[in-house]
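Written out below as structure tokens is the structure these notes cover.
Residue numbers (this note's numbering), protein chains in the order written: chain C, 1 to 354; chain W, 355 to 631.
Here you go:
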């Protein structure tokens, strides 16, 4: 039995549907991210798990117990907010012990648990500090410790790193993941940052306009996006329109250029069908390096230096594609306007669902 | 740096307006103090203060007004804090209406309020369609009059108390703090008493002190409801004596400053608890 289940959950605000027919089963100890743009319903779904919103349809259960209509205070679900939401009038230790004191746990047990949590977040010496005396990253760690102190069945994190600067975001997300693994706690993480979701999750739920577009491991979501939306939202992607030339052989034609694809979806198509296909920028390389299934004539349109990666915009037929190549100071890059050839394997050409 | 450039850098106009402001506020205060100390001819003394404080009616009326003020503040907090909290949390669309209502005491004079109170509450409350009296007219007995005057003072203090509390709640993220407390298992009572109230304490104190000042000096409601409060006493004293009212006025100024000092002490000079976000 799944640890957390959302079954046919929908949420309507008047005529507006924020979440539609959301089905998900999360295993105990799993780290699942809800990924999507603003307004896609990911936070609303999280808030329905927390109990701050009631589903219009469907139910939420933990360990088989229906919690759909339970008050947030009765759910034993820990929550970490984007704005930290630490109680400004309480010290770090008081904040962490708040939930335990509400549960009327003995004072000694509270102190022991608070010390454990302070040690878990490496803020042993900050127990007596007030939130305003801490940095943003430290405050969010305290918020995490406060949510974990009550030993919740599920930990919910609502864009917890959005208010922090880039470096702290990266180190804190690793810390959150390490703590989650150590405590083996089921976690639901809401983010609009695809890199964050890819780096931290066991599974990613990609949401678009209130619906689930794809559920999969970071590897699956990135390498085998099911829809054009997922393909575009997760990572950088080249998409283009083509016509099916031979579905059995996997042949496509784009602006008079022939491509070969190994995508099984193509076998369901008929000759002459219009399809949208995608190729990740890193799947292209210059034909002179390793020749692959597709060798395509192109013109160099633009070159952007991104540090470790150099992004080269090439024009194939009438369509522009991005190609990423590792920065190598000993490799001579082409010049803008040069004619060249790029190559990619047939597995790199994915046909997208509508 | 030469003298000319130093003079050019001196913010002359700022200092001038500041000095004029200080003169405007300090001169009447100084005049009141000087007058209150001039009861004995050709010498400065605290004679007026001694006479004012030695009058048993002073302690009696002042004590009673303080009691009314404390009760008004307590009931206002009980009424206004949950109201402002609920409006912020669940009924933001009602905010404009409530703000309008809280401004009414500025528009409707206290005399209208007191006549309204007397008109409504000077008749007994009967069981409908019978002559069976449930409650005697509130104006007829001491407890009833106290209830009426505290109710009236709550209305007079409403603009100050509501706005202070509402401003205090604006500075802390009430909604997220509430949700954080709920997710940790807190019920509404715990949330208001242990999370919301401590975080708006400076705002609450400001509203409470303004209400205190209004109630202690209030004349109209107290006079027409016939209670022996400090406001009417001061008014009567002013009609018969010269120096004592000045002494008492200056004392109330001192009390106000003390109150402001308390705000500074309680809030650590920050006006509001930091780190709300």
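Glycine included, every Cβ here is placed at the ideal spot set by N, Cα and C. The structure presented is a predicted model; accordingly, all values stated were derived computationally and were not measured.
Practice task
Pull up the distance between the alpha-carbon of residue 215 of chain C and that of residue 278 of chain C, whole angstroms please.
Solution key: A direct Cα-Cα distance of roughly 19 Å separates residue 215 of chain C from residue 278 of chain C.
Exercise for the section: Flag this pair as touching only if the segment 3-22 of chain C and the segment 162-170 of chain C have three or more C-beta atom pairs under 8 Å; answer yes or no. Expected result: The way I'd put it, the segment 3-22 of chain C doesn't touch the segment 162-170 of chain C; fewer than three beta-carbon pairs between them come closer than 8 Å.
Exercise for the section: Drop a sphere of 10 angstroms on the beta-carbon of residue 466 of chain W, count the other beta-carbons inside from all chains shown, and report buried for 16 or more, exposed for fewer. Expected result: Classified as exposed, residue 466 of chain W has fewer than 16 neighbouring CB atoms from the shown chains inside 10 Å of its CB.
Practice task
Can you tell me the Cβ-Cβ gap for residue 352 of chain C and residue 270 of chain C, rounded? I've got them flagged as a contact below 8 Å.
Solution key: Wrong, their Cβ atoms sit about 17 Å apart, outside the cutoff.
Practice task
Starting from the C-beta of residue 480 of chain W, find all residues in its chain whose C-beta is less than 7 Å away, skip the five residues before and the five after it, and write them out in chain order.
Solution key: Excluding positions up to five away in sequence, the list reads 486, 487, 488.
Problem - DSSP three-state assignment for residue 82 of chain C, whether helix, strand or coil - result: Looking at residue 82 of chain C - three-state DSSP - the assignment turns out to be coil, as it is neither helix nor strand.
Exercise for the section: Find the residues of chain C that neighbour residue 552 of chain W, judging by a C-beta separation of less than 9 Å, and give them in chain order. Expected result: Within chain C, the residues near residue 552 of chain W are 87, 88, 89, 90.
Exercise for the section: Pull up the distance between the alpha-carbon of residue 511 of chain W and that of residue 116 of chain C, whole angstroms please. Expected result: Cα to Cα, residue 511 of chain W sits roughly 48 Å from residue 116 of chain C.
Exercise for the section: State the Cα-Cα distance for the pair residue 260 of chain C and residue 345 of chain C, rounded to the nearest angstrom. Expected result: Rounded to the nearest angstrom, the two C-alpha atoms are 8 Å apart.
Exercise for the section: Return the chain-ordered list of same chain residues with a C-beta closer than 7 Å to the C-beta of residue 209 of chain C, the five sequence neighbours on each side being excluded. Expected result: Cβ neighbours of residue 209 of chain C beyond the five flanking positions: 40.
Handout entry: Outcome for residue 533 of chain W when other beta-carbon atoms lying within 10 angstroms are tallied against a minimum of 16
Key = So residue 533 of chain W ends up on the buried side.
Practice task
Work out the CA separation of residue 320 of chain C and residue 5 of chain C for me, nearest whole Å.
Solution key: One alpha carbon belongs to residue 5 of chain C, the other to residue 320 of chain C, and they sit about 43 Å apart.
Exercise for the section: Name the one or two DSSP bridge partners that residue 344 of chain C has. Expected result: BP columns for residue 344 of chain C point to C:294.
Problem - Pair within 7 Å by beta-carbon distance, residue 323 of chain C and residue 281 of chain C - result: Yes, these two residues count as a Cβ contact at 7 Å.
Practice task
Mind listing the chain W neighbours of residue 117 of chain C? Cutoff is C-beta to C-beta under 9 Å, in chain order.
Solution key: Identification of chain W residues near residue 117 of chain C by a Cβ-Cβ cut-off of 9 Å yields none; the smallest Cβ-Cβ distance measures about 13 Å.
Handout entry: Terminal residues of the beta strand (DSSP E) in which residue 8 of chain C lies
Key = Residue 8 of chain C -> beta strand (DSSP E) spans 4-13.
Exercise for the section: Indicate the three-state DSSP secondary structure (helix, strand or coil) for residue 364 of chain W in the structure shown. Expected result: Residue 364 of chain W carries a coil assignment under DSSP once its states are collapsed to helix, strand and coil.
Problem - Simplified DSSP state of residue 516 of chain W, which is helix, strand or coil - result: Three-state DSSP puts residue 516 of chain W in a helix.
Handout entry: Own chain, CB closer than 7 Å to residue 425 of chain W, minus 5 neighbours either side, in chain order
Key = Within the same chain, residue 425 of chain W has close Cβ partners 504.
Practice task
Could you tell me the boundaries of the beta strand (DSSP E) in which residue 59 of chain C lies?
Solution key: Looking at the DSSP string, the run of the beta strand (DSSP E) that includes residue 59 of chain C is 57-62.
Handout entry: Rounded straight-line distance, which links the Cα of residue 201 of chain C to that of residue 217 of chain C
Key = Each residue's CA atom was taken as its position, placing residue 217 of chain C and residue 201 of chain C some 8 Å apart.
Problem - Status (buried if at least 16 other CB within 10 Å, exposed otherwise) for residue 13 of chain C - result: By the neighbour-count rule (16 or more Cβ atoms within 10 Å), residue 13 of chain C is not buried but exposed.
Handout entry: Buried versus exposed call for residue 618 of chain W [16 or more other C-beta atoms within 10 Å across all chains shown]
Key = Around the beta carbon of residue 618 of chain W, fewer than 16 other beta carbons lie within 10 angstroms, which makes this residue exposed.
Handout entry: residue 507 of chain W vs residue 434 of chain W beta-carbon contact at 7 Å
Key = Not closer than 7 Å, so no.
Exercise for the section: Over the uninterrupted beta strand (DSSP E) stretch that includes residue 18 of chain C, give me the two end residues. Expected result: In this chain, the beta strand (DSSP E) harbouring residue 18 of chain C covers 16-26.
Problem - For residue 356 of chain W, the residue or residues it bridges with in DSSP - result: Note: residue 356 of chain W sits in no beta bridge, so no partner.
Practice task
Report the residue ranges of all alpha helix (DSSP H) runs contained in full by the segment 524-588 of chain W; include only those spanning at least 4 residues, in chain order.
Solution key: Qualifying alpha helix (DSSP H) stretches, in chain order: 528-537, 555-571, 574-578.
Handout entry: residue 558 of chain W beta carbon less than 7 Å from that of residue 513 of chain W
Key = Cβ distance not < 7 Å, so residue 513 of chain W and residue 558 of chain W don't count as in contact.
Problem - residue 590 of chain W and residue 602 of chain W closer than 7 Å at C-beta - result: No.
Handout entry: Same chain, Cβ closer than 8 Å to residue 362 of chain W, neighbours up to 5 away in sequence not counted
Key = If we look at residue 362 of chain W and ignore the five residues flanking it on each side, it has no Cβ neighbours.
Practice task
Would you check if the distance between the CB atom of residue 248 of chain C and the CB atom of residue 297 of chain C is smaller than 7 Å?
Solution key: Contact flag unset, no.
Practice task
Have a look at residue 357 of chain W and residue 364 of chain W and give me their C-alpha separation to the nearest angstrom.
Solution key: Our two residues, residue 357 of chain W and residue 364 of chain W, have alpha carbons roughly 10 Å apart in a direct line.
Practice task
Verify the CB distance criterion: does residue 72 of chain C have a CB-CB separation below 7 Å to chain W?
Solution key: Chain W, which has a Cβ nearer than 7 Å to the Cβ of residue 72 of chain C, makes this yes.
Handout entry: Secondary structure of residue 260 of chain C, DSSP reduced to three states
Key = Reduced to three states, the DSSP call for residue 260 of chain C is strand.
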